[in-house]
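From first to last, the protein sequence lines are chains S and U.
Per numbering that gives the first Met the number 0, the first sequence runs over residues 0 to 499.
Per numbering that gives the first Met the number 0, the second sequence runs over residues 0 to 259.
C-beta atoms are modelled at their ideal positions from N, C-alpha and C, and glycine is treated no differently.
None of the values given here were measured: they were computed from a predicted structure.
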Amino acid sequence: MRRSLSSFRNGESLPLANVPDLPQGEFRAKTIAAVHEGWWLAALFGTPMENGRLQLISVLADPLTSGLAAISTEVGEVYPCLTVECSQAHWFEREIAEQWKVEPQGHPWCKPIRFHTPYRSPIAADAPPLGVTEFFAVRGSEVHEVAVGPVHAGIIEPGHFRFQCHGERVFHLEIALGYQHRGIEPALVGGPGKRTIHEIETLAGDTSIGHATAYCEAVEGLGGVAAPARAQVLRGIMLELERLANHIGDLGALAGDVGYLPTAAYCGRIRGDFLNLTAAICGSRFGRGMLRPGGVLFDINAKLAAELTRRLATALNDVENAVQLMWDTPSVQARFQDTGPLTAQTCDALGLVGPAARACGVERDIRQDFPSGVFRFAQIPLSRWDTGDVFARAWVRWLEIQRSGVFLREQLASLPEGPISRAVWPLLPAHLTVSLSEGWRGAVCHVAITDQSGRFARYKIIDPSFRNWSGLAMAMRDQQISDFPLCNKSFNLSYCGHDL
Amino acid sequence: MTSLLITRFRQGKRTLPFPATEPILPDQFRGLPVIDEARCQAGCKACVEICPTDAITNNGALTIDLGRCLFCPECSNSCPEGAIRFSRQYRLATSDRADLVLENGQSLKLARRMADDLHRILGRSLKLRQVSAGGCNGCEADVNVLNTVVFDLGRFGVQFVASPRHADGLLITGPVTQNMKLALQKTYEAVPDPKIVIAVGACAIAGGPFRDHPEVLNGAEKVLPIDLFVPGCPPHPITILDGLLRLLGKRQENTEVLQR
Chain S
0 MRRSLSSFRN GESLPLANVP DLPQGEFRAK TIAAVHEGWW LAALFGTPME NGRLQLISVL
60 ADPLTSGLAA ISTEVGEVYP CLTVECSQAH WFEREIAEQW KVEPQGHPWC KPIRFHTPYR
120 SPIAADAPPL GVTEFFAVRG SEVHEVAVGP VHAGIIEPGH FRFQCHGERV FHLEIALGYQ
180 HRGIEPALVG GPGKRTIHEI ETLAGDTSIG HATAYCEAVE GLGGVAAPAR AQVLRGIMLE
240 LERLANHIGD LGALAGDVGY LPTAAYCGRI RGDFLNLTAA ICGSRFGRGM LRPGGVLFDI
300 NAKLAAELTR RLATALNDVE NAVQLMWDTP SVQARFQDTG PLTAQTCDAL GLVGPAARAC
360 GVERDIRQDF PSGVFRFAQI PLSRWDTGDV FARAWVRWLE IQRSGVFLRE QLASLPEGPI
420 SRAVWPLLPA HLTVSLSEGW RGAVCHVAIT DQSGRFARYK IIDPSFRNWS GLAMAMRDQQ
480 ISDFPLCNKS FNLSYCGHDL
Chain U
0 MTSLLITRFR QGKRTLPFPA TEPILPDQFR GLPVIDEARC QAGCKACVEI CPTDAITNNG
60 ALTIDLGRCL FCPECSNSCP EGAIRFSRQY RLATSDRADL VLENGQSLKL ARRMADDLHR
120 ILGRSLKLRQ VSAGGCNGCE ADVNVLNTVV FDLGRFGVQF VASPRHADGL LITGPVTQNM
180 KLALQKTYEA VPDPKIVIAV GACAIAGGPF RDHPEVLNGA EKVLPIDLFV PGCPPHPITI
240 LDGLLRLLGK RQENTEVLQR
């Protein structure tokens, strides 16, 4: 398979004419075979053709060689689904069916995932009423159903959870999203425009840097340029600060969910210290305004680098102090261990990403497998644990906090000289690029396709949450329903990143 | 137990002395945008054209709509004369949508205390239910931090509660998606009277970066009456807190801030 698929790299662009147009059977067989050989399905999506039919594109990623491959086929109103032989495709095919009114025949559970009007339908009334849909149901004595959401109890985004329970035990959890759908993908067509970067920075607002990195590298790939070395390092610093802030917040929230308040209180504060480091660089606690195609808008001068290094050391010291309490407390460990376990097999079958995958013992990290920017030169050791439970998801975060801290110290001490930005435009016409970055939740994947005038004909976004919500549903099987908040927090997925 | 106490000692007291003293904001903080009329060149429309949400208009005089503003650095970077810049002014919340639209040099009228009859009931204990209606988790996160020891919202008598039935009002984030409209309306109806509504962030005020997408309603005002507007993308937590304190009448100085 490695030889038969033409290969390109993360962030590179290739002419659309070089994307093989295969017969449906061959497209299907090649995609399935590659995934069975250990490739990862980075993207599977539809893009409209001039003849009214739909072009299906699958982007396959080979972690062994860091190579990417894109293949395509043309489909009409129906096509035989891939999901039955390749479960990584299950959510992608539901998305394709909803976006383009194409039926992946044989899909075992082909329901809408966002409840919006199909992109090709002129009639607004075609949007299915949200949440009015069939849910998987279990029947029998003492079986009952629990429905939660869309409005939840905390300061949190909306989503609907439907549990099938036997007493306190969860047989099955079905997650219905779409409440946050803002129509971002169709709005990006015809771009890049003056609003594009702002839609990217807010498509999942806690991953502003992760998505902006993928977007900027995609545009630079289409422009045939690379950001200056100094800008690439600055982007890496922002990305790891984002990871630190979120991981620390998550560890605090996990402690809070099992009623261990010291770590919860301290981490809540320390998370803010990291957001403030980001703000010290670019003025926004979420890193907005920092990344732009071609480079970055804000530099770190020697004085600021010294100040950041000092504040970083203090904050990391505080985290170690706060988190160690939790690891030393048996009652916390008892709640974390064996709660919501996932196996490496399930993880691979679903194509999970990020700390959730690495907590199953799976080595999957864009910074290692498909490095771009500064990560080609400065490797961060991959953090992994193999129990797949809440403890593992917490522990992997803790390892990553320490390793990102080391990376930041090193990078702040050795910023390369040179400019922080360069011109990108115009973009190559009729090209495709795939851009991957390791956001704090996992792999962020953007696929951009330009038309004959170098404008976006299609911009596909895959947030890590798009893949990992299924992981949460699987982790809840056979668990106590009262453990749901803890399991949910251990994934801490994005609703808006999924809903787009 | 000993390590717990040692840690408690090491972590120290971290609650900000706000509002008794002014907050320390980052050097690059982007607060109230300010226009220097003298430097603005006639005929130049650089900032108007680059603004991603059309927050800046020029009909003779430059006008900025803070409700639409994302506080991004695009306009200040685009101005060849340095006539537009972001000040360090973090007080930005208003009681009326129209007050967020600032003509050249006009001062910003900050939020006033809620009406006396409401204040009698809610002034010392305000329970809020937060609803994210298409929010990106930026505003949600910076509302959430008000509950940390740093801001310690509880000391002002404000608390976020789990049910609208327990709430005195809603705090809304996000542009209000078509898919959340019904849930938002139902949540509002579930809040007992009298009630207030707070819109936090550019999305909840005017649709933010998603303005005019057919999937969104361009803000909460299309669905509910709003009592407090807190602009920003997202607003700094201290901006949100300042707005809440003004609504409660716990902060009344500087009722107007000048563009400078």
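For K193(S) and I49(U), believed in contact at Cβ under 8 Å, the rounded distance: About 6 Å separates the beta carbons of I49(U) and K193(S), which is inside the 8 Å limit, making them a contact pair.
Of the listed residues A161(U), P32(U), A82(U), T93(U), nearest to I154(S) (C-alpha basis): Here the closest residue by C-alpha is A161(U).
Same chain, Cβ closer than 7 Å to G512(S), neighbours up to 5 away in sequence not counted: Residue 512(S) cannot be examined here, being either before or after the span of chain S that is shown, 0 to 499.
Drop a sphere of 10 angstroms on the beta-carbon of P500(S), count the other beta-carbons inside from all chains shown, and report buried for 16 or more, exposed for fewer. As displayed, chain S neither begins before 0 nor continues past 499, which places residue 500(S) out of reach and without an answer.
Keeping to the same chain, check which residues put their C-beta closer than 8 Å to that of L121(U); ignore five residues upstream and five downstream. So the qualifying residues of the chain are M113, D167, G168, P193, I195, L247.
Do the region 485-493 of chain S and the region 459-471 of chain S make contact, defined as three or more Cβ pairs closer than 8 Å? yes
Following the continuous beta strand (DSSP E) through K221(U), name the residue where it begins and the one where it ends. Taken as a continuous stretch (DSSP letters only), K221(U) belongs to no beta strand (DSSP E), as it is neither H nor E.
Just to confirm my understanding: we take A474(S), look at its own chain, exclude 5 residues before and 5 after, and list those with CB closer than 6 Å. What are they? G339, L341, C486
Taking 6 Å as the line, does the beta carbon of V188(S) fall inside it for any heavy atom of the ligand FMN? With respect to the ligand FMN, the structure offers nothing, as it holds no ligand at all.
Look at the alpha carbon of C43(U) and the alpha carbon of L65(U), and state the distance between them as a whole number of angstroms. 21 Å
Quick check for students: name the residue ranges of the alpha helix (DSSP H) that lie wholly in the region 86-158 of chain U, counting only runs of 4 or more. As far as the region 86-158 of chain U is concerned, its whole alpha helix (DSSP H) runs of at least 4 residues are 115-121, 137-143.
Whose C-alpha, out of D35(U), H118(U), R29(U), is nearest the C-alpha of D226(U)? H118(U)
Neighbouring residues, chain U, relative to L221(S) (Cβ below 8 Å): None at all; the shortest Cβ gap to chain U is about 20 Å.
Report the CB separation of C71(U) from R287(S) in whole angstroms; it is logged as a contact under 8 Å. That pair is a contact at about 7 Å.
Of the residues V199(U), G206(U), V190(U), R154(U), which one's Cα is nearest the Cα of Q177(U)? G206(U)
Hey, is P72(U)'s beta-carbon within less than 7 Å of any beta-carbon in chain S? yes
Does the region 328-338 of chain S come within contact of the region 427-439 of chain S, defined as at least 3 CB pairs closer than 8 Å? no
On the criterion of 16 or more Cβ atoms from any shown chain inside 10 Å, does K12(U) qualify as buried, or is it exposed? exposed
Taking the alpha carbon of A203(U) as the point to measure from, which residue in K185(U), R164(U), L3(U), P234(U) has its own alpha carbon closest? P234(U)
By how many angstroms is the C-alpha of R93(S) removed from the C-alpha of C80(S)? Between C80(S) and R93(S), the C-alpha separation is close to 10 Å.
Using a 10 Å radius around the Cβ and a threshold of 16 neighbouring Cβ atoms, would you call R168(S) buried or exposed? exposed
I'd like the list of long-range same chain contacts for G222(S), defined as Cβ closer than 6 Å, with 5 residues on each side in sequence excluded. For G222(S), the CB contacts under 6 Å within the same chain, skipping 5 residues up- and downstream, are V423, L426 in chain order.
Beta-carbon gap between L53(S) and A60(S) smaller than 7 Å: Not a contact, by the Cβ cut-off of 7 Å.
What would DSSP say about P261(S), mapped onto helix, strand or coil? Correct three-state label for P261(S): helix.
Distance between D249(S) and T186(U) (C-alpha atoms, nearest Å): 28 Å
Beta-carbon proximity check, F335(S) vs A393(S), cutoff 7 Å: yes
So Y187(U) is in the alpha helix (DSSP H); what residue range does that whole segment cover? 177-189
Among all the DSSP beta bridges, which residues are the ones paired with H143(S)? C164(S)
S2(U) versus chain S: which residues are under 9 Å apart at the beta carbon? Q323, L324, D327
How do the region 232-248 of chain S and the region 272-281 of chain S stand: do at least 3 beta-carbon pairs fall below 8 Å, yes or no? yes
Does the distance from the C-beta atom of C542(S) to that of A321(S) stay below 7 Å? One cannot answer for residue 542(S) here, as it falls past the ends of chain S, which runs 0 to 499.
So, helix, strand or coil for E21(U), using DSSP? E21(U) falls in the coil class under three-state DSSP.
For a contact meaning CB atoms closer than 8 Å, what does P174(U) contact in chain S? R181
Counting pairs of beta carbons, one from the region 251-271 of chain S and one from the region 403-410 of chain S, are three or more of them closer than 8 Å? No: the two stretches stay apart, fewer than three of their Cβ pairs being nearer than 8 Å.
How would you label H23(U), buried or exposed, when you count the other beta carbons within 10 angstroms and need 16 or more for buried? Correcting the residue identity first, residue 23(U) is Ile in this sequence and not His. By the 10 Å Cβ count, I23(U) comes out exposed.
I'd like the span of the beta strand (DSSP E) that includes L3(U), first residue to last. That residue, L3(U), is in no beta strand (DSSP E); its alpha helix (DSSP H) goes 1-10.
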